[in-house]
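The sequence shown: position 47 = 68 (my numbering), numbered continuously. We put the CB at the ideal spot given by N, CA and C, even for glycine. Values in this document were obtained by computation on a predicted structure and should not be read as measured data. Have a look at the structure below, then the notes.
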Amino acid sequence: MIILKTIIAVLIVAVILLIRAEIQFKKKQIYLFKPISTILVIVVVLIPLVNGNYMSLYYSMWILAALLFSFGGDIALMLSENQKAFPIGLILFLVAHMVYALAFFKFAGGNPAPIGMTVSLAIIAAIGYFYLYPKLGPMKYSVLVYILIITYMLNRAMATHFSINFSNQQIWLISIGAVLFCISDFMLAVNRFRWSFKSNHVSLVFYYSGQLLIALSTLS
Numbered sequence: 022m023i024i025l026k027t028i029i030a031v032l033i034v035a036v037i038l039l040i041r042a043e044i045q046f047k048k049k050q051i052y053l054f055k056p057i058s059t060i061l062v063i064v065v066v067l068i069p070l071v072n073g074n075y076m077s078l079y080y081s082m083w084i085l086a087a088l089l090f091s092f093g094g095d096i097a098l099m100l101s102e103n104q105k106a107f108p109i110g111l112i113l114f115l116v117a118h119m120v121y122a123l124a125f126f127k128f129a130g131g132n133p134a135p136i137g138m139t140v141s142l143a144i145i146a147a148i149g150y151f152y153l154y155p156k157l158g159p160m161k162y163s164v165l166v167y168i169l170i171i172t173y174m175l176n177r178a179m180a181t182h183f184s185i186n187f188s189n190q191q192i193w194l195i196s197i198g199a200v201l202f203c204i205s206d207f208m209l210a211v212n213r214f215r216w217s218f219k220s221n222h223v224s225l226v227f228y229y230s231g232q233l234l235i236a237l238s239t240l241s
């Protein structure tokens, strides 16, 4: 527990330094603190794998895989000045969301989310897409697929509330983590395609908070 608290504390410091580097446009510091921050989240999953204090080895491996794809996405987006890097980052994060969705589906026993919740998520996703659509250009189909996948991931995360395979704590870690992850994605999309806003760096808080909460769901 002391090790876990230490890692989380270091992660908080790393994210704060990353945000400061982003605001001050210090690329070298961004290249340092962004990978470090994601690696620290990955370590959160690795610790219980080493000491055997995990909910399910199989589930933990799925979450670890999603985080590794996210790490690749982070690196690609960090280099987004290269036009080829952004689509690569998009694909890697798309795969990460798919892995998360499959993990939640498999370990929640495939329980469906209530129709009302599914419809609500679909409406929110549609509103988000049509808001972005005028500025998407050739990316409109790619972004549509991405939104469909993250909406499905969020749906599967919410469906864990109706599963007996997760503890109440794990259910809330998963569902809140998934929501925060999706919010960070939408903030990045708005900043990329609609209009740039100075507070975009806040998306990093949502992103790392979401990833950390999902990572913590692997602990027993």
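Inset, instruction - State whether the segment 185 to 198 contacts the segment 233 to 241, with contact taken as three or more CB pairs (one from each stretch) at a distance under 8 Å. - result: yes
Inset, instruction - Hey, could you find the ends of the alpha helix (DSSP H) PRO56 is sitting in? - result: 48 to 72
Legend entry - Burial state of GLN191 (16 or more Cβ within 10 Å): buried
Inset, instruction - With DSSP as the reference, label LEU157 as helix, strand or coil. - result: coil
Inset, instruction - Look up LEU175 in the DSSP assignment and give the residues it is bridged to. - result: LEU175 pairs with nothing; no bridge assigned.
Legend entry - Under the three-state DSSP convention, the category LEU244 falls into: This structure leaves residue 244 out entirely; the chain is present only between 22 and 241.
Legend entry - Distance CB(LEU39)-CB(LYS55) smaller than 7 Å: yes
Legend entry - ILE171 to ASN132 span [Cα, whole Å]: 18 Å
Legend entry - Uninterrupted alpha helix (DSSP H) stretches inside the segment 94 to 138 (no shorter than 4 residues): 106 to 128
Legend entry - First and last residue of the uninterrupted alpha helix (DSSP H) at MET208: 189 to 210
Inset, instruction - Give a yes or no on whether the C-beta atoms belonging to SER224 and SER205 are separated by under 7 Å. - result: yes
Legend entry - Top-ranked residue by Cα proximity to THR27, from LEU61, CYS203, ALA124: LEU61
Inset, instruction - Look at the alpha carbon of TYR121 and the alpha carbon of MET208, and state the distance between them as a whole number of angstroms. - result: 20 Å
Legend entry - Neighbourhood of ILE109 by C-beta distance below 7 Å, restricted to the same chain and skipping five residues each side: ALA97
Inset, instruction - Find out if the Cβ-Cβ distance for the pair SER77, ALA117 is shorter than 7 Å. - result: no
Inset, instruction - Excluding the 5 residues preceding and the 5 following GLY130 in the sequence, name in chain order all residues of the same chain whose CB lies nearer than 7 Å to its CB. - result: SER184, ASN186
Legend entry - CB contact flag (ALA147, ALA178, <7 Å): no
Legend entry - Any non-hydrogen atom of the ligand SAM within 6 Å of ASP95 CB: In the structure shown, the ligand SAM is absent, as is every other ligand, since no ligand is present at all.
Legend entry - Minimum Cβ-Cβ distance from ALA236 to chain C less than 7 Å: Among the protein chains of the structure shown there is no chain C, as only one such chain exists.
Legend entry - Straight-line Cα distance separating ASN72 from LEU157: 46 Å
Inset, instruction - Might you give, ordered along the chain, the residues of its own chain that have their beta carbon closer than 7 Å to the beta carbon of LEU154, omitting 5 neighbours on each side? - result: Reading off the sequence shown, one finds Tyr at residue 154, where the question assumed Leu. The answer, listed in chain order, is LYS161.
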